[in-house]
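Following: one structure in structure tokens, then a few remarks.
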Amino acid sequence: LLEMVAGLRAAGVRVESCYEAGPCGYGLHRRLEALGAHNVVVVPRRWDPQGRRVKTDKRDARQLCDALDRHLRGNTDAFSLVRVPDVEQERRRAISRQRGMLLKERQRAVVRGHGLMLMGGFQAPPGWWRAQPWAALAEQLPGELRVRVQCWQRQAVELDAAVDEWTAKVEGYATTPQPKGIGALTAGSLQLEIFDWRRFSGRRGISSYTGLCPSEASSGTSRRQGSVTKHGNPRVRHWLVEAVWRLLEWQPDYPPLRKLRAATSKRQRKRLAVAAARRLAIDLWRLNTGRCTAEQLGLRMG
Numbered sequence: 007l008l009e010m011v012a013g014l015r016a017a018g019v020r021v022e023s024c025y026e027a028g029p030c031g032y033g034l035h036r037r038l039e040a041l042g043a044h045n046v047v048v049v050p051r052r053w054d055p056q057g058r059r060v061k062t063d064k065r066d067a068r069q070l071c072d073a074l075d076r077h078l079r080g081n082t083d084a085f086s087l088v089r090v091p092d093v094e095q096e097r098r099r100a101i102s103r104q105r106g107m108l109l110k111e112r113q114r115a116v117v118r119g120h121g122l123m124l125m126g127g128f129q130a131p132p133g134w135w136r137a138q139p140w141a142a143l144a145e146q147l148p149g150e151l152r153v154r155v156q157c158w159q160r161q162a163v164e165l166d167a168a169v170d171e172w173t174a175k176v177e178g179y180a181t182t183p184q185p186k187g188i189g190a191l192t193a194g195s196l197q198l199e200i201f202d203w204r205r206f207s208g209r210r211g212i213s214s215y216t217g218l219c220p221s222e223a224s225s226g227t228s229r230r231q232g233s234v235t236k237h238g239n240p241r242v243r244h245w246l247v248e249a250v251w252r253l254l255e256w257q258p259d260y261p262p263l264r265k266l267r268a269a270t271s272k273r274q275r276k277r278l279a280v281a282a283a284r285r286l287a288i289d290l291w292r293l294n295t296g297r298c299t300a301e302q303l304g305l306r307m308g
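Below you can see the structure in the form of structure tokens.
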């Protein structure tokens with residue numbers, strides 16, 4: 007592919023290309039751009055508009071080319087573009103994501119070990135893989151079961167240390183003052199993932215990026231809004247919702263939390279927490295871009 011693009015560019019041919027975002031990152035995009043091609047990375051989607059339930063690489067390529075042609079002709083709805091970070095932004099973002107992957111791997115090891123003990127009739131205490139609980143627990147387990155569980159216990163301990171190491175790295179990027187309750191870990195994670203809050207031109211942009219916009223099914227005079235679209239960054243969305251529950255204690259006078267504090271049912275509290283997270287994202291954008299002060303937003307700084 008790269009040789010073909012290089013040959014076309016050497017012959018003076020204009021090259022327009024696109025590909026779907028995926029696990030391979032943006033290396034191909036940068037190499038195509040370096041050769042002189044104009045490439046865009048697009049949000050993955052199901053390329054089967056007629057519902058034929060036939061998926062092949064050839065069909066997908068044709069649909070992508072057709073969408074690219076419409077996009078070049080000025081149709082901004084042909085597909086959704088992905089904002090490509092530069093090398094430094096991608097490197098920083100990988101720091102918080104590495105910590106997230108390590109957390110998942112640790113949880114996997116903990117669950118596997120716990121499952122083995124349950125099958126053997128043993129109930130493990132919270133934090134069973136850590137040194138002191140494990141020393142007491144290992145004495146109770148039969149020999150063969152102890153050996154099997156210890157494999158997962160050792161993995162969990164190693165991953166624990168790795169999580170602590172990467173947590174310190176993430177917290178090191180929390181360099182600006184933040185409201186009480188946000189914490190260094192959340193602030194650093196948001197800074198690494200978003201990088202520059204000024205990239206959003208308005209509150210609709212930040213709401214869309216987080217995927218905290220309500221879904222909608224409207225027709226004629228009927229308007230119905232449902233659960234959030236989740237069409238955005240799942241990591242940022244998770245951190246914001248987590249922060250909302252902490253702010254209940256640290257920011258008792260924050261206006262978006264008033265309804266949440268008064269709610270009684272679990273379902274209602276969950277919905278109101280998501281709504282508060284949407285407002286929190288907008289307020290953090292306002293705060294980090296200098297549009298408002300913390301006092302104007304009803305927040306107390308840490």
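The working numbering applies: residue 7 is where the sequence shown begins, and numbers increase by one. Ideal placement from N, C-alpha and C gives every residue a C-beta, glycine not left out.
Quick check for students: name the residue ranges of the alpha helix (DSSP H) that lie wholly in the stretch 100 to 185, counting only runs of 4 or more. Fully enclosed alpha helix (DSSP H) runs of 4 or longer: 137 to 144, 149 to 177.
task = Starting from the N-terminal side, write out each stretch of the alpha helix (DSSP H) that is 4 residues or longer and does not extend beyond the stretch 212 to 261.
result = Taking only runs of at least 4 residues, the alpha helix (DSSP H) segments lying wholly in the stretch 212 to 261 are 240 to 256.
Mapping DSSP to helix, strand and coil, what is Ser23?
Residue state, collapsed to three classes: strand.
How many Å lie between Val250 and Arg136 at the Cα? Whole-angstrom Cα-Cα distance: 30 angstroms.
Query raised in the report: Taking the alpha helix (DSSP H) that Val47 falls in, what are its first and last residues?
Result: Unbroken run through Val47 is the beta strand (DSSP E), 44 to 48; no alpha helix (DSSP H).
Three-state class that DSSP yields for Leu70 in the structure shown: Note: Leu70 maps to helix in three-state DSSP.
**Q.** For Asp202, the first and last residue of its enclosing alpha helix (DSSP H)
**A.** Run containing Asp202: none; DSSP gives neither H nor E here.
Open item on the list: Mapping the DSSP letters down to three states, classify Leu266 as helix, strand or coil.
Closed with: Taken through DSSP and simplified to helix, strand or coil, Leu266 comes out as helix.
### Three-way DSSP call (helix, strand, coil) for Leu34 in this model
DSSP places Leu34 within a helical segment (H, G or I) once states are collapsed to three.
For Met10, list the residues DSSP reports as bridge partners.
DSSP output for Met10 lists no bridge partner at all.
* Asked: Which class does Leu87 belong to by DSSP, given the choice of helix, strand or coil?
  -> Strand.
_N- and C-terminal bounds of the alpha helix (DSSP H) containing Arg285_ = Segment 272 to 294, the alpha helix (DSSP H) holding Arg285.
- Message: I'd like to check one pair, Val88 with Ala40: are the Cβ atoms closer than 8 angstroms?
- Response: In this structure, Ala40 lies away from Val88, with their beta-carbon atoms at least 8 angstroms apart.
- Cβ distance (whole Å) where Leu108 is taken to contact Trp172 below 8 angstroms: Right, the Cβ-Cβ distance comes to about 6 angstroms (below 8 angstroms), so this counts as a contact.
| query | Would the stretch 117 to 126 and the stretch 73 to 85 be scored as touching if the rule is three or more Cβ pairs under 8 angstroms? | reply | A contact is defined here as three or more CB-CB pairs under 8 angstroms, and the stretch 117 to 126 fails this definition with respect to the stretch 73 to 85.
Straight-line Cα distance separating His244 from Thr192 | When rounded, the distance between both Cα atoms is 10 angstroms.
- Got a sec, what are the start and stop residues for the alpha helix (DSSP H) Ala300 sits in? For Ala300, the enclosing alpha helix (DSSP H) stretches over residues 300 to 303.
Sub-8 angstroms separation of Ala162 and Ala100 beta-carbons:
With contacts defined as CB atoms closer than 8 angstroms, Ala162 and Ala100 fail to qualify as a contacting pair.
request  = Report buried or exposed for Ser102, applying the criterion of at least 16 other Cβ atoms within 10 angstroms of its Cβ.
outcome  = By the 16-neighbour rule on beta-carbons within 10 angstroms, Ser102 is buried.
**Report entry** Sequence-distant residues of its chain with Cβ nearer than 7 angstroms to Val280 (five each side left out)
**Finding:** By the criterion of a C-beta distance shorter than 7 angstroms, Val280 is surrounded in its chain by Leu218, Val234, Val247, once the five residues flanking it on both sides are discounted.
Q) Could you give the distance in angstroms between the alpha-carbon of Pro50 and the alpha-carbon of Ile200? A) The alpha-carbon of Pro50 is positioned some 21 angstroms away from that of Ile200.
Measure the C-alpha to C-alpha separation of Arg37 and Gly149 and round it to an integer number of angstroms. Rounded to the nearest angstrom, the two C-alpha atoms are 55 angstroms apart.
**Prompt:** With 16 other CB atoms within 10 Å as the buried threshold, where does Val60 fall?
**Reply:** Taking a 10 Å sphere around the C-beta of Val60, we find fewer than 16 other C-beta atoms and assign the residue as exposed.
Note to self: Here's the rule: buried if 16 or more other CB atoms are within 10 angstroms of the residue's CB, otherwise exposed. What is Pro185?
What the structure shows: Per the 10 Å Cβ criterion, buried.
- Task: Run the CB neighbour count on Ser207, radius 10 Å, all protein chains shown included, and call it buried at 16 or more, exposed below.
- Result: Exposed: under 16 other Cβ atoms inside 10 Å.
Self-check item: 8 angstroms CB neighbourhood of Asn239 in its chain, flanking five on each side removed
Solution: Once the five neighbours on either side are set aside, the close Cβ partners of Asn239 are Glu199, Tyr215, Thr216, Gly217.
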